[in-house]
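Okay, so the sequence shown: first residue is 41 according to my numbering, each after it adds one. Here is the structure we will look at, set down as structure tokens.
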Amino acid sequence: MTEAAIIQVEDLRKHYGAVRAVDGISFAVARGSTCALLGGNGAGKTTTIAMLLGLLLPTAGRIQILGEEIPRHRHRVLPRMNFSSPYMDLPQRLTVNENLTVYARLYGVRRIRERLAALGQELDIEAFF
41 MTEAAIIQVE DLRKHYGAVR AVDGISFAVA RGSTCALLGG NGAGKTTTIA
91 MLLGLLLPTA GRIQILGEEI PRHRHRVLPR MNFSSPYMDL PQRLTVNENL
141 TVYARLYGVR RIRERLAALG QELDIEAFF
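Okay, structure coming up:
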């Protein structure tokens, strides 16, 4: 893998039985650059992102982010990265509390309810929770 890249993916695959959601993609993203995943519906974009975040285990391949193997060292990487999603697949909109809870769980935050209550009080936005 290229040492200068902050994201490195080699021969990444995700299969669901006979369905090949992601079939052998490789790419590297250099520090300071921008990268986009483009493709039609069903091309594997969401599945690829889920594997990069360590939310889905790849069938095969290798992922390295900030020098750490994903998903093995996901806990070391997530606090150093930011990810937001439009949640286009959800049947309804999330409340502020639900949205923050999803991301808190994604990033391994402990005592979520207690911390969100304190945040709501501190920012005077309790009505939105």
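Glycine included, every Cβ here is placed at the ideal spot set by N, Cα and C. In this text, all values refer to a predicted model and were calculated from it rather than measured experimentally.
Inset, instruction - Tell me whether residue 59 is buried or exposed, calling it buried when 16 or more other Cβ atoms sit within 10 Å of its Cβ. - result: Start at 1 with the first residue of the sequence shown, and residue 59 comes out as number 19. With fewer than 16 Cβ atoms within 10 Å of its Cβ, residue 59 is classed as exposed.
Inset, instruction - Could you tell me which uninterrupted beta strand (DSSP E) segments, each at least 3 residues in length, are contained entirely in the stretch 97–152, listed from first to last along the chain? - result: 100–105, 108–110
Inset, instruction - To the nearest angstrom, report how far apart residue 61 and residue 100 are at their CA atoms. - result: In the sequence shown, counting from the first residue as 1, residue 61 sits at position 21. In the sequence shown, counting from the first residue as 1, residue 100 sits at position 60. Computed Cα separation, rounded: 12 Å.
Inset, instruction - Return the bridge partner residues of residue 48 from the DSSP annotation. - result: Counting from one through the sequence shown, the residue named residue 48 turns up at place 8. Partner(s): 68, 104.
Legend entry - Alpha carbon of residue 65 to alpha carbon of residue 95, nearest angstrom: Here residue 65 corresponds to residue number 25 of the sequence shown, with the count starting at 1. Here residue 95 corresponds to residue number 55 of the sequence shown, with the count starting at 1. In a straight line, the C-alpha of residue 65 is about 18 Å away from that of residue 95.
Legend entry - Counted within 10 angstroms of its Cβ, other Cβ atoms place residue 119 as buried (16 or more) or exposed: Position 79 of the sequence shown, counting from 1, holds the residue named residue 119. By the 10 Å Cβ count, residue 119 comes out exposed.
Inset, instruction - Mind checking who residue 53 pairs with in its DSSP beta bridge? - result: Taking the first residue of the sequence shown as position 1, residue 53 is located at position 13. Answer is 63, 100, bridged to residue 53.
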